[in-house]
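Undergrad: Just add 9 to wherever you are in the sequence shown, counting from 1, and you've got the numbering used here.
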Amino acid sequence: MPNARLEVVDLSNNCITYFGDWSFNPRLRILKLGGNLLTSLRGDISRNVFLRHLDLSNNRLTRLAELPSTLFVEELLVANNRLTSLEGLESFGQLTTLDVHGNLLKWLHPVCAETHPHLMYVDVGANPEFGDVRLLTPLAGSRLLCSINLFPGPFEEVKWLRIKIIHMLTHLEFLNGEPVTSEEKVEVEEVYGAELSEQRQVWERLLPGEAFLDRRVLKAHELN
10 MPNARLEVVD LSNNCITYFG DWSFNPRLRI LKLGGNLLTS LRGDISRNVF
60 LRHLDLSNNR LTRLAELPST LFVEELLVAN NRLTSLEGLE SFGQLTTLDV
110 HGNLLKWLHP VCAETHPHLM YVDVGANPEF GDVRLLTPLA GSRLLCSINL
160 FPGPFEEVKW LRIKIIHMLT HLEFLNGEPV TSEEKVEVEE VYGAELSEQR
210 QVWERLLPGE AFLDRRVLKA HELN
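See the structure below:
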C-alpha cells in the first residue's frame with residue numbers, strides 16, 4: 010500500500026504470511042502485524058527510520074535476526090511466537106518496551122543494561138526454560154527498568170525469589186504485576202546489607218589491594 014503519508018498500519022488478526030516491503034511508507038511510526046501466520050521477517054523495513062512501535066506477537070516466528078539494524082524501534086512486541094533467541098536485537102538500543110512472553114527463550118542475551126539502557130518494561134513470562142534468577146543479571150545495571158513480568162514460570166512458587174529480584178533490579182516499581190512495597194525494600198536491606206558487608210570483609214582480608222567483586226552479578230556466559 011504505497012503511501013508516503015501513512016503513519017499507522019494495523020493488520021492484526023488476519024492470515025498474513027509475508028512480512029512485506031514497507032519502504033514505500035517512509036513515515037510509518039506504528040506497524041501492527043500481531044495474530045497472523047508469519048514464520049519469517051523477509052521483506053524490507055530497513056528504510057522506515059521513523060518506526061517506533063512494532064507488534065509481531067502471536068505469529069510463528071523462530072528468530073529476529075532478520076530485523077534490520079537501521080531501525081529505531083522503542084516498543085517491540087513479539088509475545089507468543091517460537092523464539093529461542095533474541096539475537097538480532099543487539100542494535101536496538103532505543104527499546105523501552107520488550108514483550109517476549111510465551112516463547113522458548115533460555116536467556117536474554119544479547120539484551121542487557123549496557124546495550125539497552127532505555128528499557129523500562131520487560132515481559133519474559135511463560136518461557137518454560139527461563140528458570141534461573143541469575144538469568145536476569147544482564148539487566149542488573151539498568152537505571153530505568155521499572156516493571157518486569159516473569160509469570161507464569163518457574164519463579165512462581167518461590168516467594169523469597171521476589172526479594173532477590175528486587176535486590177538485583179534496584180529500580181523496579183512493579184514485579185509480576187504487583188507493586189514493589191516499602192516493606193519489601195526494607196527486607197532487601199535487611200537480607201543483603203549485612204551479607205554484602207561480610208563478603209567484602211572476607212575479600213579484603215584474603216585479597217588485599219584487589220577491588221571487591223560482587224559475585225551476585227554474573228554475566229550470562231558465566232552461568233554455563
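Note that the Cβ used here is the ideal one computed from N, Cα and C, for glycine as well. Please read all numbers here as calculations on a predicted model, not as lab measurements.
For residue 101, count neighbouring C-beta atoms within 10 Å of its own C-beta (all shown protein chains included) and say buried if the count is 16 or more, exposed if not.
TA: Burial call: buried.
Undergrad: Taking only the alpha-carbon atoms, compute the straight-line gap between residue 176 and residue 31 and give it to the nearest angstrom.
TA: 43 Å
Undergrad: Taking C-beta to C-beta, are residue 196 and residue 172 nearer than 7 Å?
TA: yes
Undergrad: Compare the Cα-Cα distances from residue 72 to each of 156, 219, 90 and report the closest residue.
TA: It is 90 whose Cα lies nearest to the Cα of residue 72.
Undergrad: From the DSSP output, read off the bridge partner residues of residue 84.
TA: 62, 106
Undergrad: Alpha carbon to alpha carbon, how far is residue 97 from residue 78? Give it in angstroms, no decimals.
TA: 8 Å
Undergrad: Among all the DSSP beta bridges, which residues are the ones paired with residue 40?
TA: According to DSSP, residue 40 bridges with 18, 63.
Undergrad: By Cβ distance, which residues of its chain are closer than 8 Å to residue 113, with the 5 residues on each side in sequence left out?
TA: 91, 92, 93, 136, 137, 138
Undergrad: Could you give the DSSP three-state label for residue 156: helix, strand or coil?
TA: strand
Undergrad: What span of residues does the beta strand (DSSP E) with residue 132 cover, start to end?
TA: DSSP places residue 132 in the uninterrupted beta strand (DSSP E) bounded by 130 to 132.
Undergrad: In three-state terms, what does DSSP make of residue 216?
TA: Residue 216: coil per DSSP, three-state reduction.
Undergrad: Just the Cα atoms here: how many angstroms apart are residue 180 and residue 128?
TA: 11 Å
Undergrad: Pick from 27, 125, 68: whose alpha carbon is nearest that of residue 151?
TA: Among 27, 125, 68, the Cα nearest to that of residue 151 is on 125.
Undergrad: Which residues in the same chain as residue 107 place their Cβ atom closer than 6 Å to its Cβ, once the five residues preceding and following it in sequence are excluded?
TA: 85, 131
Undergrad: Residue 72 lies in the alpha helix (DSSP H); which residues open and close that run?
TA: Unbroken run through residue 72: none, as it is neither H nor E.
Undergrad: Classify residue 215 as buried or exposed, calling it buried when 16 or more other Cβ atoms lie within 10 Å of its own Cβ.
TA: exposed
Undergrad: So residue 176 is in the alpha helix (DSSP H); what residue range does that whole segment cover?
TA: 169 to 177
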